[in-house]
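What follows is one structure encoded as structure tokens, with my remarks underneath.
In mature numbering (1 follows the signal peptide of the UniProt record, and there is no 0), the protein residues as written are -23 to -1, 1 to 359.
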């Protein structure tokens, strides 16, 4: 008889004896052959299944925001409570992003409030002045130059012509002296610069008089008229105030900027990763300096206040399993037999084994039972 069989028989006998405490003492005196027959009968009247224990509540801890791990506060085996800090991430970049988003929000709000208030009086006056100036210039150019202005342009041209002739004579004289070696190269250069300047003034004066006599071109008038229309449109816009579309568009910009601030605040808060449940650290995959990936768990937390014993039961024995039935569970690791209840029977068999998964729930206030321990459940057929 192996150790497990002996252990199961001992449990069955202890359960049976406990149920027969009122029997006469004479009935308890059995011969060796009678005891063996009784044991065989008891074994046929019970079923035993072995399985592993898991926490009823078990959760993986993930970083919601990618980042470098600054510190790890808990290690495997340590007990944690709801809200305890498990891991912290470096937040320098997150803080900078939040500050930038807040600045953008302030600008968007300022622009929205300015538009909502409408155009200021000084802006209207400025637009009015720009329109009047553009319109007057258009009229002046369209009318052409007055006789007095033509006379003034003629006088300017004559002065420019005299200055040019004088500069030409001086240049020729200095050039002759330079060729004879009677003056310096610098004097020749100065005379040449003065000649070029006088020539430019003479050309500009002649051109301006010619344009004044010919009148404005069609292209010039069209350009000036377009400028009038543009300044008039700006003046009308200033007087009418912001459109409904402009207000809604800027309101949308404010909402977008505010949402971005909230996102960065959320990311910054997620730089501190806390435990959502009470329990024990079962696994740890996080170390300071490493990168936290939102797709990879940093830790696993297991609550051991209650545990499941998960066993596989063949189809023929399911009729002895009822949800809520109390059963005995032997845990050799702690040397105890404990009471449990059937809490779940799978509605579908495992296609690989043709067996059904059954979960037995056990209270574990003392935390003696650990995830991964082996337990043997004993089910009576009677």
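Ideal Cβ positions, reconstructed from N, Cα and C, are used throughout, including at glycine.
Which of the three DSSP states, helix, strand or coil, is assigned to residue 332? Here residue 332 refers to the residue found at position 355 when the chain shown is read from its first residue. Residue 332 falls in the strand class under three-state DSSP.
Tell me which residue opens and which closes the beta strand (DSSP E) that residue 180 is part of. For the purposes of this step, residue 180 is taken as the residue at position 203 of the chain shown. Note, residue 180: premise wrong, no beta strand (DSSP E); alpha helix (DSSP H) at 162 to 191.
Could you say which of 260, 81 and 121 lies nearest to residue 349 if we only look at CA atoms? On the chain shown, residue 349 is found 372 positions in, with the first residue counted as 1. Here the closest residue by C-alpha is 260.
Considering residue 102, what are the terminal residues of the beta strand (DSSP E) in which it resides? Position 125 of the chain shown, counted from the first residue, corresponds to residue 102. Taken as a continuous stretch (DSSP letters only), residue 102 belongs to no beta strand (DSSP E), being part of the alpha helix (DSSP H) at 98 to 120.
Taking the C-alpha atoms as reference points, what is the distance between residue 32 and residue 59? As a position in the chain shown, residue 32 is number 55, starting the count at 1. As a position in the chain shown, residue 59 is number 82, starting the count at 1. One C-alpha to the other measures close to 16 Å.
Consult DSSP for residue 2 and reduce its assignment to one of helix, strand or coil. Residue mapping note: residue 2 aligns to position 25 of the chain shown, counting from 1. For residue 2, the predicted structure reports a pLDDT of 36, less than 50, and the residue's modelled location is therefore unreliable. The matter cannot be settled from this model.
From the DSSP output, which residues share a beta bridge with residue 321? In the chain shown, residue 321 corresponds to position 344, counting from 1. Per DSSP, 336.
Taking only the alpha-carbon atoms, compute the straight-line gap between residue 198 and residue 119 and give it to the nearest angstrom. Working through the chain shown from its first residue, we reach residue 198 at position 221. Working through the chain shown from its first residue, we reach residue 119 at position 142. Cα to Cα, the separation comes out at about 7 Å.
Looking only at C-alpha atoms, which of 137, 77, 178 and 201 sits nearest to residue 114? Within the chain shown, the letter at position 137 stands for residue 114. Among 137, 77, 178 and 201, the Cα nearest to that of residue 114 is on 201.
Decide if residue 168 is buried, meaning its Cβ has at least 16 other Cβ atoms within 10 Å, or exposed. Stepping through the chain shown from its first residue, residue 168 is reached at position 191. Under this definition residue 168 is a buried residue.
Under 8 Å Cβ to Cβ from residue 50, same chain only, skipping five residues before and after it: list those, please. Locating residue 50 in the chain shown gives position 73, counting from the first residue. The residues are 61, 62, 63, 64 and 65.
For residue 271, count neighbouring C-beta atoms within 10 Å of its own C-beta (all shown protein chains included) and say buried if the count is 16 or more, exposed if not. Here residue 271 refers to the residue found at position 294 when the chain shown is read from its first residue. Result: exposed.
Residue 354 versus residue 295: straight-line alpha-carbon distance, rounded: Residue mapping note: residue 354 aligns to position 377 of the chain shown, counting from 1. Residue mapping note: residue 295 aligns to position 318 of the chain shown, counting from 1. Computed Cα separation, rounded: 14 Å.
Whole angstroms is fine: what's the gap from residue 52's alpha carbon to residue 232's? Translated into positions along the chain shown, residue 52 becomes position 75. Translated into positions along the chain shown, residue 232 becomes position 255. One C-alpha to the other measures close to 42 Å.
Take the Cβ of residue 276 as the centre, count every other Cβ of all protein chains shown within 10 Å, and call the residue buried at 16 or more, exposed below. As a position in the chain shown, residue 276 is number 299, starting the count at 1. So residue 276 counts as buried.
Do residue 104 and residue 211 have their beta-carbon atoms positioned less than 8 Å apart in this structure? Residue mapping note: residue 211 aligns to position 234 of the chain shown, counting from 1. Residue mapping note: residue 104 aligns to position 127 of the chain shown, counting from 1. A contact, by the Cβ cut-off of 8 Å.
May I have the straight-line CA-CA distance separating residue 316 from residue 23, to the nearest angstrom? Locating residue 316 in the chain shown gives position 339, where the first residue counts as 1. Locating residue 23 in the chain shown gives position 46, where the first residue counts as 1. Distance between the alpha carbons of residue 316 and residue 23: 16 Å.
Of the residues 54, 204 and 229, the one placed nearest residue 85, counting alpha carbons only: As a first step, residue 85 is located in the chain shown; it is residue number 108 there, counting from the start. Nearest C-alpha to residue 85: 229.
Excluding the 5 residues flanking residue 208 on each side, which residues of the same chain have their C-beta closer than 6 Å to its C-beta? Counting from 1 along the chain shown, the entry for residue 208 is found at position 231. 107, 108 and 111.
In the DSSP output, which residue or residues are listed as bridge partners for residue 56? For the purposes of this step, residue 56 is identified with residue 79 of the chain shown, where counting begins at 1. Per DSSP, 257.
Buried/exposed call for residue 40, threshold 16 Cβ in 10 Å: Your numbering for residue 40 matches position 63 in the chain shown. Result: buried.
Limits of the unbroken beta strand (DSSP E) element including residue 281: As a first step, residue 281 is located in the chain shown; it is residue number 304 there, counting from the start. 276 to 291 is the span of the beta strand (DSSP E), which, as asked, contains residue 281.
Name the two residues that bound the continuous alpha helix (DSSP H) containing residue 127. In the chain shown, the residue the question calls residue 127 occupies position 150. Note, residue 127: alpha helix (DSSP H), 124 to 156.
Roughly how many angstroms separate the alpha carbons of residue 189 and residue 142, rounded to a whole number? As a working note, residue 189 is residue 212 in the chain shown. As a working note, residue 142 is residue 165 in the chain shown. In a straight line, the C-alpha of residue 189 is about 24 Å away from that of residue 142.
Reference residue 30, options 299, 175, 252 and 289, closest by Cα: Position 53 of the chain shown holds residue 30. Among 299, 175, 252 and 289, the Cα nearest to that of residue 30 belongs to 289.
Using only the alpha-carbon positions, how far apart do residue 18 and residue 278 sit? Taking the first residue of the chain shown as 1, we reach residue 18 at position 41. Taking the first residue of the chain shown as 1, we reach residue 278 at position 301. Because the pLDDT at residue 18 is just 42, under 50, the model does not fix this residue reliably, and the point stays unresolved.
Report yes if the CB atom of residue 284 is closer than 8 Å to the CB atom of residue 356, and no otherwise. The residue labelled residue 284 in the question sits at position 307 within the chain shown. The residue labelled residue 356 in the question sits at position 379 within the chain shown. No, these two residues do not count as a Cβ contact at 8 Å.
Candidates 247, 237, 358 and 227, of which the one nearest residue 93 by Cα: For the purposes of this step, residue 93 is taken as residue 116 along the chain shown, with counting starting at 1. Comparing Cα positions, the closest option is 227.
One question on the structure: do residue 286 and residue 339 come within less than 8 Å of each other, judged by their Cβ atoms? To locate residue 286, count along the chain shown from 1; it is residue 309. To locate residue 339, count along the chain shown from 1; it is residue 362. Contact flag set, yes.
Tell me the residue span of the alpha helix (DSSP H) that contains residue 214. As a first step, residue 214 is located in the chain shown; it is residue number 237 there, counting from the start. First-last of the alpha helix (DSSP H) with residue 214: 195 to 217.
Neighbourhood of residue 358 by C-beta distance below 7 Å, restricted to the same chain and skipping five residues each side: Within the chain shown, numbered from 1, the residue matching residue 358 stands at position 381. Excluding positions up to five away in sequence, the list reads 22, 23, 24 and 297.
Beta-ladder partner(s) of residue 314, from DSSP: Looking up residue 314 in the chain shown gives position 337. Its beta-bridge partners are 307.
For residue 265, which residues from the same chain have a beta carbon less than 8 Å from its beta carbon, with the 5 sequence-adjacent residues on both sides left out? Here residue 265 corresponds to residue number 288 of the chain shown, with the count starting at 1. Excluding positions up to five away in sequence, the list reads 46, 47, 48 and 49.
Looking only at its own chain, which residues have a Cβ that is under 7 Å from the Cβ of residue 8, when we skip the five neighbours before and after it? Taking the first residue of the chain shown as 1, we reach residue 8 at position 31. Note that residue 8 scores 43 on pLDDT, short of 50, meaning its location in the model is unreliable and no value can be drawn from it.
Helix, strand or coil: which one does DSSP assign to residue 94? Taking the first residue of the chain shown as position 1, residue 94 is located at position 117. It is helical.
Just list the residues that DSSP pairs residue 35 with in beta bridges. To locate residue 35, count along the chain shown from 1; it is residue 58. The partner list for residue 35 (beta bridge, DSSP) reads 279.
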